[in-house]
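Numbering (the numbering used here), first residue to last: 9 to 312. Here a beta-carbon is modelled for each residue, glycine too, at the ideal position from N, C-alpha and C. A short worksheet on the structure shown next.
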Amino acid sequence: MTTPKDRWIDDATFHEDVEYIESLWQQRSIGTIELPLIDIGRGEPLVFVPILEHLEFVYSRQVRKMSESRRVILYRRQEMRTTPFGPNDRAEELRQVLDGLGLEAPDLVGHGDAAMVLFEFALRYPQRCRSLTIIAQGADYRISPHPFIWCLHELFYRLPIEYVLPASVLRANVINYIMAHSMDNHTTPSLPRHLIEEQFNKISQWPFVYKCSVLPIIHNFDVHKRLNTLTMPVLLINRTDDALSPEAKTRWLAKHLPNCAAYHVVSGRERFFMYSRAETVTPLIEAFLAARDTRRGPLKQLQP
C-alpha cells in the first residue's frame with residue numbers, strides 16, 4: 009500500500025541528488041570553449057547531453073548508478089542571453105566536448121530538449137554515435153494547442169518580449185507543461201512542483217535564456233524527413249501522457265527509425281520521470297548498453 013510519504017520525492021532526497029551533481033562539476037577548457045564538466049568512473053564512455061543549467065538533476069540518478077561500471081560524462085552547456093544559440097551551435101558544442109575528451113563514437117543520452125540536440129548531432133555526425141538513448145522526445149515538437157503556441161513562440165522569437173514578460177509568468181507556464189498529466193495518472197513516486205520551481209528559480213534572466221537558448225532549439229524542430237541516416241541503434245523511452253512529447257509521436261518514431269533497438273513506455277507523472285522513476289528507467293538503459301557492448305565491441309577513441 010502506498011503511504012503519503014511514498015507519493016513524492018521528498019525534499020531531502022532531491023537536495024542530496026542536486027548537491028551530488030553540483031559537487032562533481034570541474035571547470036575545463038575544451039577546444040575553444042570553457043565549461044563545467046563531470047567525468048567520472050571507468051569503462052565504456054557514456055555521454056549525457058545537457059538540458060538547461062540547473063536542471064541537470066534529471067540525470068543525477070543515472071550518473072550515480074552508471075558511473076559504477078562506465079565512464080560517465082556530463083557537461084553544463086553554455087546558456088545564451090543576448091544571441092540565439094541554435095541546434096547547429098549545440099551540435100558543435102557537443103562535438104567539441106567529444107573531440108576534447110578524445111571520444112570518437114560514444115554512447116549518448118538525451119532527455120527532452122537535449123534529445124533534439126542529440127538528433128541534430130547524430131544527423132550531422134552519424135559516425136560519431138555508437139548509440140542513442142532518447143528520452144521523452146518524438147520526431148517533432150508541436151505543443152498543444154498548435155498552432156497557437158507556435159505563433160506565440162514566433163512572436164517571442166521576433167519581438168523584444170523578453171524585456172516586458174515577467175520571468176514568473178513564463179516560468180509558471182513552462183512548469184505547467186512539465187507537470188501536465190491525465191487526471192487518472194496517480195503514478196508514484198513523483199517529483200513535486202515546488203522542487204522543480206526551486207531549480208528554475210536559479211536560472212537568471214529566464215526570459216532571455218528562453219529566447220536565446222531554448223526557443224532556437226525547439227521552435228522549428230522536425231526530423232521526420234531525415235530519419236533514414238540515423239542507422240545507429242536507438243533506445244526510445246517515454247511515458248503515456250507527456251504533454252510536450254505525446255506517446256503517439258514517440259511510437260511513430262519507434263516504427264520509422266532505421267534501427268530502433270527498443271521502445272519502452274513507462275509510468276510517470278511528470279516530464280522528469282527519468283529522475284523520479286529512475287528505478288524503472290535506469291535498468292532499461294543499462295540493458296540496452298550491455299547489448300551494444302556485447303554486439304559491437306569496445307569503443308574506438310580519437311588519436312591524440
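Notebook entry, point to check: Would you say Arg78 and Gly118 are within 8 angstroms of each other, going by their C-beta atoms?
Noted result: no
Next item on the list: Kindly confirm or deny that the stretch 100-110 and the stretch 223-230 touch, where touching means at least three C-beta pairs closer than 8 angstroms.
Entry: no
Note to self: Tell me which residues share the same chain as Phe216 and place their Cβ nearer than 6 angstroms to its Cβ, disregarding the 5 neighbours each side in the sequence.
What the structure shows: Arg89, Glu170
Next item on the list: Whole angstroms is fine: what's the gap from Ile38's alpha carbon to Gln207's?
Entry: 27 angstroms
Note to self: Relative to the C-alpha of Ile41, which candidate in Tyr83, Leu297, Thr21 has its C-alpha closest?
What the structure shows: Tyr83
Notebook entry, point to check: Apart from the five residues on each side of it in sequence, which residues of its chain come closer than 6 angstroms, Cβ to Cβ, to Leu203?
Noted result: Phe22
Next item on the list: Could you give the DSSP three-state label for Arg247: helix, strand or coil?
Entry: strand
Note to self: Check whether the stretch 119-135 and the stretch 170-180 touch, using three or more Cβ-Cβ pairs below 8 angstroms as the test.
What the structure shows: no
Notebook entry, point to check: Mind checking whether Cys220 and Val242 have CB atoms under 8 angstroms apart?
Noted result: no
Notebook entry, point to check: Applying the criterion that 16 or more other CB atoms from any shown protein chain within 10 Å of the CB defines a buried residue, is Val55 buried or exposed?
Noted result: buried
Notebook entry, point to check: Curious, which full-length alpha helix (DSSP H) runs of at least 4 residues does the stretch 129-179 contain?
Noted result: 156-166
Check: How many angstroms separate the CA atom of Met282 from the CA atom of Ile186?
Finding: 12 angstroms
Item checked: Secondary structure of Asp192, DSSP reduced to three states -> coil
Checklist line | Exposed unless 16 or more other CB atoms sit within 10 angstroms - verdict on Ala144 | finding: buried
Notebook entry, point to check: Sorted by chain position, which residues of the same chain lie with C-beta nearer than 6 angstroms to Ser139's C-beta, five sequence neighbours on each side aside?
Noted result: Asp115, Met240, Pro241, Arg300
Next item on the list: Please name the residue in Val172, Ser284, Asn236 whose C-alpha comes closest to that of Arg247.
Entry: Ser284
Next item on the list: Can you say whether Ser212 is buried or exposed, counting buried as having 16 or more other CB atoms within 10 angstroms of its CB?
Entry: exposed
Notebook entry, point to check: How about Leu32 and Ile48: are their beta carbons less than 8 angstroms apart?
Noted result: yes
Checklist line | Candidates Gln34, Asp18, Gly276: closest to Asn193 by CA position | finding: Gly276
Notebook entry, point to check: Name the DSSP bridge partner or partners of Gly118?
Noted result: Val57, Ile142
Next item on the list: At 4 residues or longer, and completely inside the stretch 210-244: list those alpha helix (DSSP H) runs for me, N to C.
Entry: 214-217, 223-226
Checklist line | For Pro53, the nearest candidate out of Tyr67, Leu109, Arg85, Pro95 (CA to CA) | finding: Leu109
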